[in-house]
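*Asks:* Input: one structure, supplied below.
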């Protein structure tokens, strides 16, 4: 997708602050962090929303990447949050599937 911000990052047209990369996944620091640690984990393949995801193996790899990053950052034992926003009312701002990994402070739950 030529106008997708995250696809531009995958194509190296925009350079994010990368924390992990392999052939299928890119993870980078969020430019507007909501916690001391706020990483976005994306598939390199464009998938607009969670509703469009039909690759369960890739979805599993994304979640495993989140868990491994939490371990690497020494926050796995104290706790972290993963969030996937889907569509407008779900709070999705960039229409390329991504997981937010948030850690480094107490995460409070609010039903909104």
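Numbering (the working numbering), first residue to last: 11 to 122.
Note that beta-carbon positions come from the ideal geometry of N, C-alpha and C, so glycine has one too.
Which value, in whole angstroms, describes the spacing of the CA atoms of residue 90 and residue 79?
*Replies:* If I take the Cα positions, the gap works out to 10 Å.
*Asks:* Where are the beta strand (DSSP E) runs, 3 residues long or more, that stay fully inside the segment 22-92, in chain order?
*Replies:* Counting whole runs of 3 or more residues, the segment 22-92 contains the beta strand (DSSP E) stretches 28-31, 35-39, 47-53.
*Asks:* For residue 46, which of 108, 84, 97, 52 has the nearest alpha-carbon?
*Replies:* It is 84 whose Cα lies nearest to the Cα of residue 46.
*Asks:* Quick check on residue 21: buried or exposed, where buried means 16 or more other Cβ atoms within 10 Å of its Cβ?
*Replies:* So residue 21 counts as exposed.
*Asks:* Let me check understanding here. Comparing Cα to Cα, which of 40, 71, 107, 114 lies closest to residue 87?
*Replies:* Among 40, 71, 107, 114, the Cα nearest to that of residue 87 is on 114.
*Asks:* Let me know if residue 103 comes out buried or exposed under the rule of 16 or more other beta-carbons within 10 Å of its beta-carbon.
*Replies:* With fewer than 16 other Cβ atoms within 10 Å, it is exposed.
*Asks:* Ordered along the chain, which non-local residues of its own chain (more than five positions away) have a Cβ less than 8 Å from that of residue 32?
*Replies:* Excluding residues within five positions, none has a Cβ falling inside 8 Å.
*Asks:* Please report the residue range of the alpha helix (DSSP H) in which residue 107 lies.
*Replies:* Counting along the chain, residue 107 falls outside any alpha helix (DSSP H), and DSSP gives it neither H nor E.
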